[in-house]
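Residue numbers (the numbering used here), protein chains in the order written: chain A, 1000 to 1009; chain B, 10 to 221.
Don't be surprised by glycine CBs; every beta carbon is placed ideally from N, CA and C.
In what follows, a single structure is set out as structure tokens and then discussed.
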């Protein structure tokens, strides 16, 4: 799983 | 950003505003689960810590601040300002039965064993069950004011729209957030029973929702 995914979701 | 996520965020904002205004204008939180609102404030607090560490966009920052402020303001109205109208005896769901498993799972199943990541995972798992005290309270009292059902409708719709957003993002950019998707499905499933009652009862103009 990609941990560095950009958390651009609220 | 896509239309599903934008609509979802708007539904979420509408839900939170509906509830806040209902309590503020009626000066009463009768029928409202304070426990669910505390859990939602906890969800936002543990999820939006990155407000201080990373800037994504003005929209992202503004929405996070608005959600945090309204969540805490609602908890304030329930437990402080209008506490005499709070039905604590009906709001009897044991939230520790939610917090302990959610906290345990966030340590077991996460993307990275790092503080911010664990807290984010905790907030995702917690959000999927945070509405349970409110739904439990409605089954206990056997009824809900129509404005409360509109609040729940938009709150349930928001995560359903997020599911559409994840389908869209998967097909357009290959984005797949397993933890968020699985939790979002569970969260939306909890609303199915309510959605059925909402469409068959409230929208038929019967005003108050009385459970069979």
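- The alpha carbon of residue 45(B) has as its nearest neighbour, out of 149(B), 39(B), 218(B), 143(B), the alpha carbon of 143(B).
- When rounded, the separation of the alpha-carbon atoms in residue 132(B) and residue 52(B) is 5 angstroms.
- The beta carbon of residue 57(B) is closer than 7 angstroms to those of 73, 77 in its chain, skipping five residues each way along the sequence.
- Annotation: the continuous alpha helix (DSSP H) that includes residue 12(B) extends over 12–35.
- In the three-state scheme derived from DSSP, where H, G and I count as helix and E and B as strand, residue 173(B) is classed as helix.
- Rounded to the nearest angstrom, the gap between the Cα atoms of residue 212(B) and residue 113(B) is 40 angstroms.
- Distance between residue 162(B) and residue 214(B), taken at the CA atoms: about 15 angstroms.
- Contact between residue 141(B) and residue 199(B) is confirmed by a C-beta separation of about 7 angstroms, below the 8 angstroms threshold.
- In the structure shown, residue 182(B) falls within a helical segment according to DSSP collapsed to helix, strand and coil.
- Spanning the alpha carbons of residue 83(B) and residue 39(B) requires a straight line of approximately 13 angstroms.
- The Cβ atoms of residue 11(B) and residue 1009(A) lie no closer than 9 angstroms to each other.
- The DSSP-derived three-state label of residue 148(B) is helix.
- In the structure shown, residue 62(B) adopts coil according to DSSP, grouped into three states.
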